[in-house]
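*Asks:*
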Amino acid sequence: MRYAATLSDGLTAGSSSGTVGFAETGLEVTSGSGESSLWPYATLAAATPLSRASRDVLLTSSVQDGATLFVGDPAFVTQLIGRAPGLSAGRERWKAARWWAAAGAAVAGAIGVLWWLDIGPARGLANAMPDGVRDRLGQQVIASMTRSYRVCNAPAGVAALDTLGQRLSAAAGSTAKFKIIVVNWKLLNAFAAPGEQIVLTRELVENARGPDEVAGVLAHEMGHGLERHPETALVRVVGVSAALEFMMGGSGSTIANIGLLLAQLNYTRAAELEADGHSLRILKNAGISTGGIGDFFKRVAKIEGSSTVGKTIGGYDILRTHPQSAERAKRALDQPPYPATPALTDADWQALRTICGAAPAQKAEP
Ligand SMILES: [Zn+2]
Numbered sequence: 001m002r003y004a005a006t007l008s009d010g011l012t013a014g015s016s017s018g019t020v021g022f023a024e025t026g027l028e029v030t031s032g033s034g035e036s037s038l039w040p041y042a043t044l045a046a047a048t049p050l051s052r053a054s055r056d057v058l059l060t061s062s063v064q065d066g067a068t069l070f071v072g073d074p075a076f077v078t079q080l081i082g083r084a085p086g087l088s089a090g091r092e093r094w095k096a097a098r099w100w101a102a103a104g105a106a107v108a109g110a111i112g113v114l115w116w117l118d119i120g121p122a123r124g125l126a127n128a129m130p131d132g133v134r135d136r137l138g139q140q141v142i143a144s145m146t147r148s149y150r151v152c153n154a155p156a157g158v159a160a161l162d163t164l165g166q167r168l169s170a171a172a173g174s175t176a177k178f179k180i181i182v183v184n185w186k187l188l189n190a191f192a193a194p195g196e197q198i199v200l201t202r203e204l205v206e207n208a209r210g211p212d213e214v215a216g217v218l219a220h221e222m223g224h225g226l227e228r229h230p231e232t233a234l235v236r237v238v239g240v241s242a243a244l245e246f247m248m249g250g251s252g253s254t255i256a257n258i259g260l261l262l263a264q265l266n267y268t269r270a271a272e273l274e275a276d277g278h279s280l281r282i283l284k285n286a287g288i289s290t291g292g293i294g295d296f297f298k299r300v301a302k303i304e305g306s307s308t309v310g311k312t313i314g315g316y317d318i319l320r321t322h323p324q325s326a327e328r329a330k331r332a333l334d335q336p337p338y339p340a341t342p343a344l345t346d347a348d349w350q351a352l353r354t355i356c357g358a359a360p361a362q363k364a365e366p
């Protein structure tokens, strides 16, 4: 008997479908491309303690650092508890949390109402989250992420990023100012974390053709933040009960390791279009041309035609999306013109490009 599973290797962004089965000494995990590996039962850890009522499970194994395995099948969970009873050891602590869950009934009631409004329990809970909780959640995601990747902090680059962040935050019309960091990660990626935080990778900053492109990416991620897409995605991953426990001040252990997972989540096409809509509005309010993000999508549309690049850019939030890049480029480039100035001065742009250290020379147009 094999179960459908969602796999992330923790090295490349994005996830893939595979299967998992029970072998004598461990889980036999098979990727979509047919490669198998054994995750011994003793090496497994679950994101939340399992019980017979658990409907899904997010697993990691110490034999494959950073990799995650998600199975959304209660029958799998039941069998797993039989093979690896240690995964349910947290149940005692869980019982203690029940009192808090009862105290959270009011919150749950509010969620019920939102559920009726047909926006789903995850989005409902994300929208009901107080700012303090979202900040705490975001800090955990960032902490989890920066355990693996150093934060780039060349002072001139940090100052330039701050200048751009302030300009865009003011234009976003959000009361909170977005906190933005660049991490030393050789993977093209950008993503929003809960509590108005945004992570850019070194690869992204160094591959941008100019500050307007980075501004466009940031404005898009701000759009996700304003719509609380990261909060919603996290609630979906950990489950409503674990998220409620976290909101009630419970230990963060259940979500301590999911920062990297957040970087791999796919949003829906509707969510991407929402974020794109925000990005065009934010750029206009900030007086930054949408030409940068338009050119960027155009370049991506060209790249999409060639099969080799999919793997390296597949994890890029702004790219791994369903809306076609050509269509998105057109939307950005078709905006009626308005007065605009460069997102950063030349000096600030050079500082941002070298925030992680010396940057490679700008590549020629493909
Ligand atoms: Zn996006």
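For the sequence shown, the residue numbers in this note's numbering are 1 to 366. Backbone N, C-alpha and C define an ideal beta-carbon position, used for all residues, glycine too.
Helix, strand or coil: how does DSSP classify Glu-206 here?
*Replies:* DSSP places Glu-206 in helix when its eight states are reduced to three.
*Asks:* If you draw a straight line from the C-alpha of Leu-352 to the C-alpha of Thr-290, how long is it?
*Replies:* Distance between the alpha carbons of Leu-352 and Thr-290: 20 Å.
*Asks:* Is DSSP giving Ser-51 helix, strand or coil here?
*Replies:* Correct three-state label for Ser-51: coil.
*Asks:* Residue range of the beta strand (DSSP E) that Ile-181 falls in?
*Replies:* Here the beta strand (DSSP E) through Ile-181 covers 179 to 183.
*Asks:* Is Tyr-41 helix, strand or coil by DSSP?
*Replies:* The answer is helix: DSSP assigns Tyr-41 an H, G or I state.
*Asks:* Is it the case that the CB of Ala-332 approaches a heavy atom of ligand 1 more closely than 7 Å?
*Replies:* Result no, Cβ not under 7 Å from ligand 1.
*Asks:* Using only CA atoms, which one of Ile-181, Asn-285, Lys-298 lies nearest to Ala-343?
*Replies:* Nearest of Ile-181, Asn-285, Lys-298 to Ala-343, Cα basis: Asn-285.
*Asks:* One question on the structure: do Ser-279 and Phe-297 come within less than 8 Å of each other, judged by their Cβ atoms?
*Replies:* Taking 8 Å as the Cβ cut-off, Ser-279 and Phe-297 do not qualify as a contacting pair.
*Asks:* Three Cβ pairs or more, each shorter than 8 Å: is that satisfied between the stretch 56 to 66 and the stretch 40 to 47?
*Replies:* In short, these stretches touch, since the Cβ pair count reaches three.
*Asks:* Below 7 Å, is the gap between the Cβ of Glu-272 and the nearest heavy atom of ligand 1?
*Replies:* Yes, the beta carbon of Glu-272 sits closer than 7 Å to at least one heavy atom of ligand 1.
*Asks:* Report buried or exposed for Pro-194, applying the criterion of at least 16 other Cβ atoms within 10 angstroms of its Cβ.
*Replies:* Buried is the call here.
*Asks:* Expressed to the nearest angstrom, what Euclidean distance is found between the alpha-carbon atoms of Leu-137 and Gly-165?
*Replies:* Spanning the two alpha carbons is a distance of roughly 21 Å.
*Asks:* Does DSSP put Ala-343 in a helix, in a strand, or in coil?
*Replies:* Correct three-state label for Ala-343: coil.
*Asks:* Check whether the Cβ atoms of Glu-373 and Leu-188 lie closer than 8 Å to each other.
*Replies:* The chain is shown only over 1 to 366; residue 373 falls outside these bounds and no answer can be derived.
*Asks:* Given a threshold of 16 other Cβ atoms within 10 Å of its Cβ, counted over all protein chains shown, does Met-1 qualify as buried or as exposed?
*Replies:* Burial call: exposed.
*Asks:* So what's Thr-146 in DSSP terms, helix, strand or just coil?
*Replies:* Of the three classes helix, strand and coil, the one that applies to Thr-146 here is helix, per DSSP.
*Asks:* Give a single yes or no on whether Ala-275 has its beta carbon closer than 7 Å to a heavy atom of ligand 1.
*Replies:* Result yes, Cβ under 7 Å from ligand 1.
*Asks:* Say yes only if the C-beta of His-224 is nearer than 7 Å to one or more non-hydrogen atoms of ligand 1, and no if none qualify.
*Replies:* For ligand 1, at least one heavy atom lies less than 7 Å from the Cβ of His-224.
*Asks:* Under the criterion of a Cβ to heavy atom distance below 7 Å, does His-220 qualify as lining ligand 1?
*Replies:* Yes, the beta carbon of His-220 sits closer than 7 Å to at least one heavy atom of ligand 1.
*Asks:* For chain D, find out if any of its Cβ atoms is closer than 8 Å to the Cβ of Gly-32; answer yes or no.
*Replies:* Checking the listed chains, one finds no chain D in this structure; it contains a single protein chain.
*Asks:* Exposed or buried, what is Thr-232 when buried is set at 16 or more other beta-carbons lying within 10 Å of its beta-carbon?
*Replies:* Looking at its Cβ environment, which holds 16 or more other Cβ atoms inside 10 Å, Thr-232 is buried.
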